[in-house]
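Engineer: Protein chains in written order, with our numbering: chain U, 6 to 151; chain F, 6 to 151.
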DNA sequence: TGGCTTATTTAGAACTATTCTAAATCTTGA
DNA sequence: TCAAGATTTAGAATAGTTCTAAATAAGCCA
């Protein structure tokens, strides 16, 4: 990522944090950087390990705190694909997660615009959509055939 | 539920279990009955508590084992709505879960038939869809307004 | 700037959800 | 009926997350 893009992300982060009543901290920046850098839907534990490389004193609880703050201020989404650890994703567009049950990889796909026009319980106020497709990715589907 | 419906469910259960290589057991029937009886998307813990009323010696591990068997033979779906416990649902139609973040209630809504026509990664073999909408149910949305 | 208030971080304990283990008990098929 | 294998059980172990209390850092106001 270029220096220009980094500055842009940092401004964006500071702004979003403060409008939700959070402070900017180096830990929050570090956690956000990790999530932006490798968009493979890491778990909190994976974010912790990656963040520790740059910031060895960061603690587990801080990573959870930072992730919560980032989710609450709308910079990151939580994704629950299966039993076990929650994953995190910086793609805030409406999109769908294709999850391979064999290798565990997750693929994002944008959704058609009218996608969220669906029948709704009377009076329900929708906030956000979680759409996942479980199955086998091309590679794993091929391996299984043979 | 009528006796007739119970027998039908039991036949269905035996058949589905055996085609997936599982045996019929009273515990599996009990767990399935619990899930069919009150369709409020209980967690494994809640299923355990309800099953214990009829079958006091049933153990925790057995409930997990039974739930896994029911999921694998296609009678029950797992639903991951948030961090924390997995919920279980006997509705095997393609449907969408509306989840109220305030009271925790979950509402099922059937999906339009063409709903799963969405862009897909090349070669992906889809198995099943998990579609959730998070927000506020009518009651909770009203309470919040005041 | 200095001091006050409050948010955040930290390590580690605690807790919740789930899986594992090994022994006992059932089921099924020969 | 017997052997092989599946299932159940209690309880231990593990994974993921949250809580706690003390230390530190940030923002605010005089």
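Note that beta-carbon positions come from the ideal geometry of N, C-alpha and C, so glycine has one too.
Where residue 100 (chain U) and residue 61 (chain F) are concerned, what is the direct C-alpha to C-alpha distance, given to the nearest angstrom?
Structural biologist: In the first chain, counting from the first residue as 1, residue 100 (chain U) sits at position 95. In the second chain, counting from the first residue as 1, residue 61 (chain F) sits at position 56. The alpha-carbon atoms of residue 100 (chain U) and residue 61 (chain F) are separated by roughly 45 angstroms.
Engineer: Looking at the secondary structure, which residues open and close the beta strand (DSSP E) in which residue 82 (chain U) lies?
Structural biologist: Here the question's residue 82 (chain U) lines up with position 77 in the first chain. Taken as a continuous stretch (DSSP letters only), the beta strand (DSSP E) holding residue 82 (chain U) covers 82-84.
Engineer: Considering only C-alpha positions, which residue in the set U:76, U:124 and U:47 is nearest to residue 27 (chain U)?
Structural biologist: Counted from its first residue, the first chain places residue 27 (chain U) at position 22. Ranking the options by Cα distance to residue 27 (chain U), first place goes to U:76.
Engineer: Determine the contact status of residue 154 (chain F) and residue 81 (chain F), defining contact as a CB-CB distance below 8 angstroms.
Structural biologist: With chain F covering only 6 through 151, there is no way to say anything about residue 154 (chain F).
Engineer: What first and last residue would you give for the alpha helix (DSSP H) that runs through residue 74 (chain F)?
Structural biologist: Start at 1 with the first residue of the second chain, and residue 74 (chain F) comes out as number 69. Residue 74 (chain F) -> alpha helix (DSSP H) spans 65-77.
Engineer: Does any residue of chain F have a CB that is nearer than 8 angstroms to the CB of residue 109 (chain U)?
Structural biologist: For the purposes of this step, residue 109 (chain U) is taken as residue 104 along the first chain, with counting starting at 1. No, its Cβ sits nowhere closer than 8 angstroms to a Cβ of chain F.
Engineer: Spell out whether any CB of chain U is found under 8 angstroms from the CB atom of residue 69 (chain F).
Structural biologist: Translated into positions along the second chain, residue 69 (chain F) becomes position 64. For residue 69 (chain F), the answer is no, since every Cβ of chain U falls outside 8 angstroms of its Cβ.
Engineer: Quick one: list the residues of chain U neighbouring residue 133 (chain F), beta-carbon separation under 8 angstroms, in chain order.
Structural biologist: Taking the second chain and counting its residues from 1, one reaches residue 133 (chain F) at position 128. The contacting residues are 138, 139 and 140.
Engineer: Consult DSSP for residue 93 (chain U) and reduce its assignment to one of helix, strand or coil.
Structural biologist: The residue you call residue 93 (chain U) lines up with position 88 of the first chain. Of the three classes helix, strand and coil, the one that applies to residue 93 (chain U) here is strand, per DSSP.
Engineer: Using C-beta distances below 7 angstroms, list every residue in its chain close to residue 69 (chain F), excluding the 5 sequence neighbours before and after it, in chain order.
Structural biologist: The residue you call residue 69 (chain F) lines up with position 64 of the second chain. Cβ neighbours of residue 69 (chain F) beyond the five flanking positions: 49.
Engineer: Please classify residue 144 (chain U): does DSSP put it in a helix, a strand, or coil?
Structural biologist: Stepping through the first chain from its first residue, residue 144 (chain U) is reached at position 139. Here residue 144 (chain U) sits in helix by DSSP.
Engineer: Is residue 106 (chain U) near the ligand COA - that is, is its Cβ less than 7 angstroms away from at least one heavy atom of it?
Structural biologist: The ligand COA is not part of the structure shown, which contains no ligands of any sort.
Engineer: Would residue 92 (chain F) count as contacting chain U if we go by Cβ distances under 8 angstroms?
Structural biologist: Within the second chain, numbered from 1, the residue matching residue 92 (chain F) stands at position 87. No, its Cβ sits nowhere closer than 8 angstroms to a Cβ of chain U.
Engineer: Consult DSSP for residue 30 (chain U) and reduce its assignment to one of helix, strand or coil.
Structural biologist: The count along the first chain starts at 1 and reaches residue 30 (chain U) at position 25. DSSP places residue 30 (chain U) in coil when its eight states are reduced to three.
Engineer: So if DSSP puts residue 112 (chain U) in a beta bridge, which residue, or which two residues, is it bridged to?
Structural biologist: What you label residue 112 (chain U) is simply residue 107 of the first chain in a count that begins at 1. Its beta-bridge partners are U:103.
Engineer: Exposed or buried, residue 47 (chain U), counting other C-beta atoms within 10 Å across all chains shown (16 or more means buried)?
Structural biologist: For the purposes of this step, residue 47 (chain U) is identified with residue 42 of the first chain, where counting begins at 1. Answer is buried; the Cβ neighbour count reaches 16.
Engineer: What did DSSP end up calling residue 122 (chain F) once you bin it into helix, strand or coil?
Structural biologist: Here the question's residue 122 (chain F) lines up with position 117 in the second chain. Three-state result, residue 122 (chain F): coil.
Engineer: If you compare alpha carbons, which of F:24, F:57 and F:65 is closest to residue 39 (chain F)?
Structural biologist: Mapped onto the second chain, residue 39 (chain F) falls at position 34. Comparing Cα-Cα distances from residue 39 (chain F) to each of F:24, F:57 and F:65, the minimum goes to F:57.
Engineer: Are the CB atoms of residue 113 (chain F) and residue 96 (chain F) within a distance shorter than 8 angstroms?
Structural biologist: Within the second chain, numbered from 1, the residue matching residue 96 (chain F) stands at position 91. Within the second chain, numbered from 1, the residue matching residue 113 (chain F) stands at position 108. Yes, these two residues count as a Cβ contact at 8 angstroms.
Engineer: Determine which residues share a DSSP beta bridge with residue 136 (chain U) and list them.
Structural biologist: The sequence position of residue 136 (chain U) within the first chain is 131, counting from 1. In DSSP, residue 136 (chain U) forms a bridge with U:101 and F:136.
Engineer: What do you get for residue 156 (chain F), buried or exposed, if any count of 16 or more other CB atoms within 10 angstroms of its CB means buried?
Structural biologist: This structure does not reach residue 156 (chain F), given that chain F is present from 6 up to 151, and the question cannot be answered.
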